[in-house]
Amino acid sequence: MEHQVFISYSSQDKELANRVCAALESAGFSCWIAPRNIQEGADYPKAIVQAITAVKSMVVLLTTHAVASPHVLSEIGHAFDARKRMLPVRLLSSNLPPDFDYFLSTQQWLDASQGFTDEILKRLIEAVSGSLVGDHEADIAAQRRKKKFLVAAAAAVFLAAVAILGY
Numbered sequence: 001m002e003h004q005v006f007i008s009y010s011s012q013d014k015e016l017a018n019r020v021c022a023a024l025e026s027a028g029f030s031c032w033i034a035p036r037n038i039q040e041g042a043d044y045p046k047a048i049v050q051a052i053t054a055v056k057s058m059v060v061l062l063t064t065h066a067v068a069s070p071h072v073l074s075e076i077g078h079a080f081d082a083r084k085r086m087l088p089v090r091l092l093s094s095n096l097p098p099d100f101d102y103f104l105s106t107q108q109w110l111d112a113s114q115g116f117t118d119e120i121l122k123r124l125i126e127a128v129s130g131s132l133v134g135d136h137e138a139d140i141a142a143q144r145r146k147k148k149f150l151v152a153a154a155a156a157v158f159l160a161a162v163a164i165l166g167y
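The numbering used here puts the first residue of the sequence shown at 1, with every later residue one more than the last.
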């Protein structure tokens, strides 16, 4: 099964991450979350990199534990480099550390610093839905461009063949 959303979180926030995962999956999205989606005996970092590469979007749960985690920072950095859509949920009221700010400064985040409510969860589901719809529309536009290119290439080959035969 192809996963649509990668959930990045600190292991200390596992309960919150599982809640987010359950809500997204109840809304019809396929989520990749560690350690659930890592097979026993698998190379953990390799599995994470492969998952980030394969998904469309990443939900980042920004807590005090997460911003202290080099693993969460590595996941965000990889998603940034892979140009993945990141949907940060900010659960802390303090400023982000500079290394996190570097990757997330251009991202619109959900502010849950006053508490992770059902309203925040609803808005997250809407944001994930919007990011995946945008990806789908971009895929359709790319398919149309490819089709136009193939038609133009076929026409050029046909005209070249007519010119050669006429010569």
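Beta carbons are placed, not taken as given, at the ideal position from N, Cα and C, and that holds for glycine. As the structure is a prediction and not an experimental result, all values here were calculated from the model.
Taking C-beta to C-beta, are Ile79 and Ile52 nearer than 8 Å?
-> Sequence index remark: in the sequence shown, residue 79 carries index 79 (1-based). Sequence index remark: in the sequence shown, residue 52 carries index 52 (1-based). The residue you asked about is not Ile; residue 79 is Ala in the sequence shown. A contact, by the Cβ cut-off of 8 Å.
With distances taken Cα to Cα, identify the nearest neighbour of Ser93 among His65, Glu75 and Leu87.
-> Counting from 1 along the sequence shown, the entry for residue 93 is found at position 93. For the residues His65, Glu75 and Leu87, the minimum Cα distance to Ser93 belongs to His65.
Could you name the residues of the same chain whose beta carbon sits closer than 7 Å to that of Phe103, not counting the 5 residues immediately before and after it, in chain order?
-> Looking up residue 103 in the sequence shown gives position 103. Closer than 7 Å at the Cβ level, and outside the excluded window around Phe103, lie Ile76, Gly77 and Phe80.
Assigned secondary structure, Pro88 (DSSP; H/G/I helix, E/B strand, else coil) | In the sequence shown, counting from the first residue as 1, residue 88 sits at position 88. Reduced to three states, the DSSP call for Pro88 is strand.
How would you label Tyr167, buried or exposed, when you count the other beta carbons within 10 angstroms and need 16 or more for buried?
-> Numbered from 1 along the sequence shown, position 167 holds the residue referred to as residue 167. Exposed.
With C-beta atoms as the reference, is Val89 less than 8 Å away from Leu110?
-> Sequence index remark: in the sequence shown, residue 89 carries index 89 (1-based). Sequence index remark: in the sequence shown, residue 110 carries index 110 (1-based). Contact flag set, yes.
Inter-residue CB distance, Ser57 and Gln4 (contact presumed, cutoff 8 Å) = The residue you call residue 57 lines up with position 57 of the sequence shown. The residue you call residue 4 lines up with position 4 of the sequence shown. About 7 Å separates the two Cβ atoms, so the contact holds.
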